[in-house]
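Colleague: Protein chains in written order, with our numbering: chain A, 16 to 493; chain B, 6 to 203.
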Amino acid sequence: MMQPIPRTLFAKLWDDHLIQAETESTPAVLYVDLHLVHEVTSPQAFSVLRERGLRVRRTDRTLATMDHSTPTTPRGRDGRIPVVDMQARAQLAQLEQNCADYGVPLFTLGSEHQGIVHVIGPELGFTQPGMTIVCGDSHTSTHGAFGALAFGIGTSEVAHVLATQCLLQRRALTMEVCVDGVLAPGVTAKDLILRLISEIGVGGATGHILEYTGSAIRALSMEERMTVCNMSIEAGARAGMIAPDETTFEYLAGRPHAPANADWDVALARWRTFAADEGSTHDRTVILDANTIKPMITYGTNPGMGIAVDAPVPTPSHLTDASERRALEKALAYMALTPGEILLGKAVDVVFLGSCTNSRISDLRLAAEVMRGQHVASTVRMLVVPGSQEVKRQAEAEGLDEIFRAAGAEWREAGCSMCIAMNGDELAPGQYAVSTSNRNFEGRQGKGGRTFLASPLTAAATAIAGRIADARIFAGGR
Amino acid sequence: MEPFVTLHSTGVVLPLENVDTDQIIPARFLKTTDRLGLGTNLFADWRYDASGAPRPEFVLNRLEATSAQLLVAGKNFGCGSSREHAPWALLGYGFRAVVSSEFADIFRNNALGNGLLPVALPESVVERISSLIAREPTASFTIDLETQTFALPSGERFDFTVDPFARHCMLEGVDQLGYLAKKEVEIAAYERTRAGAY
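1. Just to confirm my understanding: we take Leu139 of chain A, look at its own chain, exclude 5 residues before and 5 after, and list those with CB closer than 7 angstroms. What are they?
2. Bridge partners for Gln181 of chain B per DSSP, in chain order?
3. Using 10 angstroms around the beta-carbon of Phe25 of chain A, count the other beta-carbons present and answer buried if the total reaches 16, otherwise exposed.
4. Examine the Cβ distances between the stretch 282-297 of chain A and the stretch 166-184 of chain A and report whether three or more of them are shorter than 8 angstroms.
5. Is Cys193 of chain A helix, strand or coil when you go by DSSP?
6. Consult DSSP for Pro21 of chain A and reduce its assignment to one of helix, strand or coil.
7. Short of 7 angstroms in beta carbon distance, which residues of its chain neighbour Gly463 of chain A, apart from the five on each side in sequence? Order them along the chain.
8. Is it the case that the Cβ atoms of Arg72 of chain A and Ile192 of chain B are separated by a distance below 9 angstroms?
9. By the DSSP assignment, the alpha helix (DSSP H) with Ser105 of chain B in it spans what residues?
10. Helix, strand or coil for Arg143 of chain A per DSSP?
11. Does any C-beta atom of chain A lie closer than 9 angstroms to the C-beta of Tyr98 of chain B?
12. Taking the alpha-carbon positions, what's the Cys84 of chain B to Ile168 of chain A distance?
13. Within 10 angstroms of the Cβ of Leu110 of chain A, are there 16 or more other Cβ atoms? Answer buried if so, exposed if not.
14. Using beta-carbon positions only, say whether Ala429 of chain A and Asp82 of chain A come within less than 9 angstroms of one another.
15. Do Leu198 of chain A and Leu209 of chain A have their CB atoms nearer than 9 angstroms?
16. Closest to Thr372 of chain A by CA distance: which of A:Val149, A:Thr147, A:Glu249, A:Ile224 is it?
17. The stretch 330-358 of chain A: which residues have C-beta closer than 8 angstroms to a C-beta of chain B, in chain order?
18. Indicate the three-state DSSP secondary structure (helix, strand or coil) for Asp416 of chain A in the structure shown.
19. When the Cα of Trp15 of chain A is compared with those of A:Asp416, A:Gln143, A:Ser213, which residue comes out closest?
20. Which one of A:Val328, A:Lys345, A:Thr335, A:Ile479 has the shortest CA to CA distance from Gly355 of chain A?
21. Give me the chain B residues within the contact set of Val217 of chain A, using Cβ-Cβ distance strictly less than 7 angstroms, ordered along the chain.
22. Rank A:Glu54, A:Thr203, A:Gly216, A:Ile479 by C-alpha distance to the C-alpha of Val366 of chain A and give the top, closest one.
23. Which chain A residues sit within Cβ distance under 7 angstroms of Tyr195 of chain B?
24. Please tell me whether Ser377 of chain A has its Cβ less than 9 angstroms away from any Cβ of chain B.
25. With 16 other CB atoms within 10 Å as the buried threshold, where does Ala220 of chain A fall?
26. Using a beta-carbon distance below 9 angstroms, is Arg88 of chain B in contact with chain A?
27. Could you tell me whether the Cβ of His13 of chain B comes closer than 9 angstroms to any Cβ of chain A?
28. For Glu69 of chain B, which of B:Thr26, B:Gly178, B:Arg199, B:Ile138 has the nearest alpha-carbon?
29. How would you label Asn306 of chain A, buried or exposed, when you count the other beta carbons within 10 angstroms and need 16 or more for buried?
30. Leaving out five residues before and five after His390 of chain A in sequence, what residues of the same chain have Cβ atoms less than 6 angstroms from its Cβ?
31. Val134 of chain A: which of A:Gly159, A:Cys114, A:Asn438 sits nearest, CA to CA?
32. Could you tell me whether the stretch 69-82 of chain B touches the stretch 92-106 of chain B, using the rule of 3 or more Cβ pairs below 8 angstroms?
33. So, for Ala469 of chain A: in the same chain, excluding its five sequence neighbours on each side, which residues have a beta-carbon less than 6 angstroms away from its beta-carbon?
34. Within a Cβ cutoff of 7 angstroms, which residues of the same chain sit near Val63 of chain A, ignoring the five residues on either side of it in sequence?
35. Among A:Arg186, A:Asn245, A:Cys244, A:Leu51, which has the Cα closest to the Cα of Pro120 of chain A?
36. In three-state terms, what does DSSP make of Ala187 of chain A?
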């Protein structure tokens with residue numbers, strides 16, 4: 016009898032969701048277990064359903080929230096929600112109308128489970144191992160932390176999934192990212208992923224699904240794993256995934272939408288099969304030594320332009336490739352930085368703690384620990400934006416909001432906030448920000464704004480110093 | 006979707022790598038609920054100054070750019086956000102094809118689904134095309150999707166490949182939803198096999 020071919024985690028999930036295998040002339044038809052929807056990338060998809068008289072095929076596998084164009088300003092006593100403009104208001108109203116018309120469950124602004132789509136899926140237990148999960152949002156890769164195959168799609172594809180619960184897909188290649196070793200005190204999952212992207216580049220994983228393995232990955236908490244998988248897209252990867260283990264199961268147990276009682280045992284037995292087989296192989300492998308990772312910061316205008324926080328900004332004339340040299344020159348001009356400059360000690364105007372990368376309770380705890388009893392520098396505006404109403408309640412129950420407020424930071428409502436700058440939270444032209452978000456593209460955090468991406472620890476240390484700081488000096492024995 | 010069979014057009018060159026979708030269409034323009042009207046704000050922050058006036062040095066503001074339906078750009082074009090507003094904005098402006106040595110995955114999918122043809126050619130060829138346009142801004146290129154060839158004015162041709170299914174849909178001007186919707190029987194059968202999986 017022939018031995019079955021050993022399969023990677025991705026291969027198992029792919030096979031498991033195939034309705035029709037791909038041929039040379041037709042892509043595969045892949046079933047989607049969970050479809051997350053938000054206000055910005057869905058209106059035109061619902062329009063397609065209307066134009067063609069189609070329904071939402073599985074409202075029980077579809078979940079909508081409001082996060083991108085929502086304000087995070089603290090609510091007034093009158094409970095009024097100050098949406099940034101008429102257009103954003105219309106977009107939010109459209110989502111409400113669409114969900115009502117088509118029977119899609121929606122967490123509206125002001126409801127108890129509202130939050131960033133990639134924060135609420137996991138925290139409510141919707142996100143589970145072995146699932147296929149899609150959303151009209153590139154950071155859907157976040158959910159891969161649970162051993163799900165999760166990726167961002169365009170609005171036309173949102174319509175496909177709404178109408179058929181399926182997608183047309185070509186099978187991707189896989190790349191193993193093996194990270195062994197131990198992260199030093201003051202070094203976080205954010206530094207790990209920024210280091211990876213700085214090594215392989217923003218197009219380094221194009222066409223691939225990343226499977227993260229190794230002792231340093233196993234040692235990460237679920238929230239840290241989400242930070243890593245979240246930024247897989249910043250290396251160009253279609254998705255990032257981590258095989259589920261006890262850490263995953265422990266996180267899921269008792270979540271509102273996770274299986275319970277007898278269903279839990281059945282699910283658990285199934286989830287345990289979602290591991291790469293012994294002997295399975297990847298198209299490419301990248302190895303990273305966790306022991307060598309330092310706190311990272313970006314200096315340029317894509318997430319691959321990252322360095323250790325104490326390293327000099329690269330010098331264009333040292334680059335041999337003309338195109339890369341031009342790109343670096345353009346980035347440094349936009350950022351108003353000098354080749355060879357050390358970023359440590361550089362004054363910043365804003366510190367943003369939030370986004371689907373780093374707005375979970377553990378991120379807030381890390382920052383709060385650094386900021387307890389300290390004060391944000393008088394020259395700095397710091398925004399702390401919890402990823403969801405649930406994270407906000409938890410933080411308030413732990414008194415973290417008091418620590419941030421006492422330090423002079425703004426404690427805000429849940430949403431994407433200054434990561435996307437389409438909701439009223441934005442940098443002014445020329446301002447420098449240290450941000451825990453995922454993109455430092457030109458204008459991403461506001462037209463003319465300049466972003467340094469870093470970890471929550473680096474963000475907190477920087478807020479206090481008023482200047483880019485090395486989080487390791489605050490990390491102590493952590 | 007408008008069919009795409011052949012395109013004869015001059016080209017404009019954006020000689021940059023890793024052009025992200027936030028540059029193609031900044032997030033503040035994503036509050037629309039429509040697909041139309043985004044072309045005006047294509048590359049808005051590179052194209053207009055703080056007062057909203059066109060920056061004369063930006064390539065799309067040059068006279069020769071106004072009739073070009075072909076954009077030539079550096080590698081990893083369309084990286085970043087999954088916003089389909091990016092191909093909508095490029096199409097809204099008047100582009101029908103983009104040439105690059107590499108496209109970001111989500112952008113390529115989004116472009117193909119809307120009749121904007123991503124033409125992936127080797128880096129050396131993209132460089133040749135770019136320098137030709139720099140010398141001769143009125144040079145006209147021919148893209149033939151049927152034969153999957155890109156021709157220089159001299160007649161020299163380069164092959165490119167497009168996913169066969171996406172190519173079929175573009176040639177016929179049909180979108181992919183119709184194909185998927187015909188799979189209802191298979192989808193329902195699959196769902197029955199998975200009842201109780203979660």
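All C-beta atoms, glycine included, are put in the ideal place defined by N, C-alpha and C.
Modeller: Looking at the atomic coordinates:
1. His128, Arg270, Pro271, His272
2. Per DSSP, none; premise fails for Gln181 of chain B.
3. buried
4. no
5. strand
6. coil
7. Pro444, Gly445
8. yes
9. Here Ser105 of chain B belongs to no alpha helix (DSSP H); instead the beta strand (DSSP E) covers 102-105.
10. Sequence inspection shows Gln at residue 143 of chain A; the Arg mentioned does not correspond to that position. Three-state result, Gln143 of chain A: coil.
11. no
12. 13 angstroms
13. buried
14. yes
15. no
16. A:Glu249
17. Ser338, Glu339, Arg341, Ala342, Lys345
18. helix
19. Lying before the first or after the last residue shown, residue 15 of chain A is absent from chain A, which here runs from 16 to 493.
20. A:Val328
21. Asn23, Asn81, Cys84
22. A:Ile479
23. Ile34, Tyr46
24. no
25. buried
26. yes
27. no
28. B:Ile138
29. exposed
30. Ala422, Gly423
31. A:Gly159
32. yes
33. Ile312, Val449
34. Ala174
35. A:Leu51
36. coil
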